[in-house]
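**Student:**
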Amino acid sequence: MPGFLSDHAAASLWQACRLEILRRMLGIAISSGNSGWVDAIWSFAVGAAGVAMVRS
Numbered sequence: 012m013p014g015f016l017s018d019h020a021a022a023s024l025w026q027a028c029r030l031e032i033l034r035r036m037l038g039i040a041i042s043s044g045n046s047g048w049v050d051a052i053w054s055f056a057v058g059a060a061g062v063a064m065v066r067s
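Take the sequence shown: its letters are residues 12 to 67, numbered as in my numbering.
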């Protein structure tokens, strides 16, 4: 979707997503031990793919 978001808006959105992902990763890792990292990494990969699609 070219032109859907300005670069600044996309960067701001990505920053917010990264903070949320990090917060969730920490929460998941603390609450469920080692298995939580698999879920956290998967969530991060899905989020990054979504951002890449928006930016492309």
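All residues carry an ideal CB built from backbone N, CA and C; glycine is no exception.
Work out the CA separation of residue 59 and residue 48 for me, nearest whole Å.
**Tutor:** Here residue 48 refers to the residue found at position 37 of the sequence shown. Here residue 59 refers to the residue found at position 48 of the sequence shown. Each residue's Cα considered, the two are about 16 Å apart.
**Student:** On the three-state DSSP scale, how would you describe residue 53?
**Tutor:** The residue you call residue 53 lines up with position 42 of the sequence shown. Correct three-state label for residue 53: helix.
**Student:** Could you tell me which of 62, 38, 25, 61 sits nearest to residue 51, measuring between CA atoms?
**Tutor:** Here the question's residue 51 lines up with position 40 in the sequence shown. Minimum Cα distance to residue 51 is reached at 38.
**Student:** Residue 56 to residue 28, Cα distance in whole Å?
**Tutor:** Against the sequence shown, residue 56 aligns to sequence position 45. Against the sequence shown, residue 28 aligns to sequence position 17. For residue 56 and residue 28, the distance between alpha carbons rounds to 12 Å.
**Student:** Do you know how far the Cα of residue 32 is from the Cα of residue 53?
**Tutor:** Taking the first residue of the sequence shown as 1, we reach residue 53 at position 42. Taking the first residue of the sequence shown as 1, we reach residue 32 at position 21. Straight-line Cα distance between these residues: approximately 11 Å.
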